[in-house]
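One structure is given below, encoded as structure tokens.
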Amino acid sequence: AGGFVEVQGTAEGTPFTRAEMDMLIGLAQSGIGRLIEAQRAVLGR
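For my numbering, count along the sequence shown from 1 and bump the result up by 416.
Quick look at the structure:
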């Protein structure tokens, strides 16, 4: 649990830095966690 299966990204115009990529991954992890919590609440798990 917690591993990555796939990450896709395209820099349209200006490349992003490693720090920005790390920030985006952190935001994605947080959002995924919130989605899982909401699904569990709806499903009663």
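Ideal placement from N, C-alpha and C gives every residue a C-beta, glycine not left out.
Asked, Found
"What are the boundary residues of the alpha helix (DSSP H) that includes R461?", "Taken as a continuous stretch (DSSP letters only), R461 belongs to no alpha helix (DSSP H), as it is neither H nor E."
"Quick one: what does DSSP say A435 is sitting in, helix, strand or coil?", "helix"
"Would you report the Cα separation of S450 and D438, rounded to the nearest angstrom?", "According to the sequence as given, residue 450 is Arg; it is not Ser. Whole-angstrom Cα-Cα distance: 19 Å."
"From G442 to A427, what does the alpha carbon distance come to, in whole angstroms?", "18 Å"
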